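The letter at position 103 of the sequence shown is residue 163 when you use this note's numbering, and the numbering goes up by one with no holes. Shown next, in structure tokens, is the structure this report addresses.
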Amino acid sequence: MDGTETLVVNALGAFEVWLGSTRGIVPTRTKAKALLAYLTLQRGTPVSRERLIEVFWPDADPRAGRANLNTALWDIRRALRKTGAEAESALTTTQSIAQIAGETGTDVSSFVSLAASGNNALLREAFALYRGDFLEGDYCEWSIAQRENLASTFEDVQARLLWSSHDPALARGLIARNPYHE
């Protein structure tokens, strides 16, 4: 990346990658998408390769885990190149770490920040930002835990908006998502 364009990963609903105002190419492998989301959520913090293997391939033997990680990293770089990013500067790796460098953003971070607000206008923004569940189709423990946590936060946003607006459409949506929500 040239430093002026922000890499944005949207993982709520349909997975999307944006570089500035250009919609990017999405990695083809499910684990590569999850890995890109994970690294982007780390906001430039280096993550050890061992940790990544532990999170995404916990049952793989070390050699297979390293091979799987390298394949996922290759898939991310390929997608970033096709988007127009300088893949080697956007995704930096060494023998021991991997990280997304430069300006980054995620719909997940924005959603969590907006959902924490007590302001109805910001809650409506959070509601609109939640286009679907987190990383649909990926079933590693990390993704499942994130998905459940974010879905719970979304239901809380719906309930708070319903409480203040008494909107029947919100009530129907909340009941459809969780018929046992009180």
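Glycine included, each C-beta is placed from N, C-alpha and C at the ideal position. Computed from a prediction, not measured in an experiment: that's the story for all the values here.
Relative to S81, the option among S108, T66, L72 whose CA is nearest is T66. The C-alpha of A124 lies about 24 Å from the C-alpha of E148.
Spanning the alpha carbons of S212 and S173 requires a straight line of approximately 14 Å. With contacts defined as CB atoms closer than 8 Å, F194 and L72 qualify as a contacting pair.
For the pair A175 and A161, the CB atoms are not nearer than the 8 Å cut-off. If you compare the alpha carbons of A188, A145, S177 with that of V68, the shortest gap goes to A145. Sorting V168, V77, A92 by C-alpha distance to the C-alpha of I85 places V77 at the top. If you draw a straight line from the Cα of I157 to the Cα of T100, it comes to about 14 Å.
Membership of E215 in the alpha helix (DSSP H) is indicated by the continuous run 201 to 225.
By the 16-neighbour rule on beta-carbons within 10 angstroms, A188 is exposed. At a Cβ-Cβ threshold of 8 Å, L133 and V168 do not count as neighbours.
T88 places its beta carbon 8 Å or farther from that of D121. A distance of 8 Å or more separates the beta carbons of F75 and K91. Spanning the alpha carbons of R191 and N70 requires a straight line of approximately 9 Å. Ranked by Cα distance from R103, the options T152, Q159, S224 are led by Q159.
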